[in-house]
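*Asks:*
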Amino acid sequence: MSDAVVLFDGEISVHYRFLWLIGGSDWPELISARAGQRNGILGGAAPGILSMITGLHTGCVPFRVEWHDSRPSVDPWWEDVVEVSYQPPGTEVALCAFEQFVHLTLPRADSLRARFCAEGMDEGAEQNSAFDDDPRPDRYLLALWPAPPEPEAILRESSAQASYWHQVARQARRT
Numbered sequence: 422m423s424d425a426v427v428l429f430d431g432e433i434s435v436h437y438r439f440l441w442l443i444g445g446s447d448w449p450e451l452i453s454a455r456a457g458q459r460n461g462i463l464g465g466a467a468p469g470i471l472s473m474i475t476g477l478h479t480g481c482v483p484f485r486v487e488w489h490d491s492r493p494s495v496d497p498w499w500e501d502v503v504e505v506s507y508q509p510p511g512t513e514v515a516l517c518a519f520e521q522f523v524h525l526t527l528p529r530a531d532s533l534r535a536r537f538c539a540e541g542m543d544e545g546a547e548q549n550s551a552f553d554d555d556p557r558p559d560r561y562l563l564a565l566w567p568a569p570p571e572p573e574a575i576l577r578e579s580s581a582q583a584s585y586w587h588q589v590a591r592q593a594r595r596t
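The numbering of the sequence shown is the numbering used here, which starts it at 422 and goes up by one.
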């Protein structure tokens, strides 16, 4: 297990359940980053971009981004865990959800593995929105580490939301 360097730990405001990790100004269509994948909550099909899905439709979700020197272990409390390969366009990237941009500096910009972990996706979807003093039912972790490209993987699938989005991605056609 590697020690984590925390690149971001806070709340990010999502709209329509979407977040992105981008390194430039080009954004793919929402589904194209996940189209044809087995997993539907972490899209890595568009070059240089990661597309993530939350349970919460609109509002603030707790979100953490970690850098590891090697593959970290998976904590047991995460309900949904998926991985994709990721080639960032550079070390300067942004975690964003339409109007909110959190700038991050990656230690390296070569071939990476990205792991998206979720807890409470179903509860977030049921609540639908979270503002001000509303409870934050779902939370997320994006872990990154250097690794050669390898096929995407679903390590854990527990929520109905993740299952739904996996099916959407499998049925979507790549353009």
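From the three backbone atoms N, C-alpha and C, an ideal C-beta is built for every residue, glycine too.
In this text, all values refer to a predicted model and were calculated from it rather than measured experimentally.
Please classify Q521: does DSSP put it in a helix, a strand, or coil?
*Replies:* Three-state DSSP puts Q521 in a strand.
*Asks:* Classify R594 as buried or exposed, calling it buried when 16 or more other Cβ atoms lie within 10 Å of its own Cβ.
*Replies:* Label assigned to R594: exposed.
*Asks:* Mind checking who T475 pairs with in its DSSP beta bridge?
*Replies:* Bridge partners of T475: none, in fact.
*Asks:* Tell me the start and end of each unbroken beta strand (DSSP E) in the segment 498-578 that is at least 3 residues and wholly inside, in chain order.
*Replies:* Correct list: 501-507, 513-518, 521-526, 533-540, 560-567 and 574-577.
*Asks:* Does the beta-carbon of S494 have 16 or more other beta-carbons within 10 angstroms, so that it is buried, or is it exposed?
*Replies:* Exposed.
*Asks:* Could you give the DSSP three-state label for R438: helix, strand or coil?
*Replies:* Coil, per DSSP.
*Asks:* Do you know offhand how far A581's Cα is from A425's?
*Replies:* Near 29 Å, if we compare the C-alpha coordinates of A425 and A581.
*Asks:* Between the segment 556-567 and the segment 451-461, can you find at least three pairs of beta-carbon atoms closer than 8 Å?
*Replies:* At 8 Å Cβ cutoff, the stretches do not touch.
*Asks:* Alpha carbon to alpha carbon, how far is N549 from D543?
*Replies:* Approximately 10 Å, taken between the alpha carbons.
*Asks:* Given S584, which residues of its chain have a CB within under 8 Å of its CB, disregarding the five upstream and five downstream residues?
*Replies:* Contacts found: E578.
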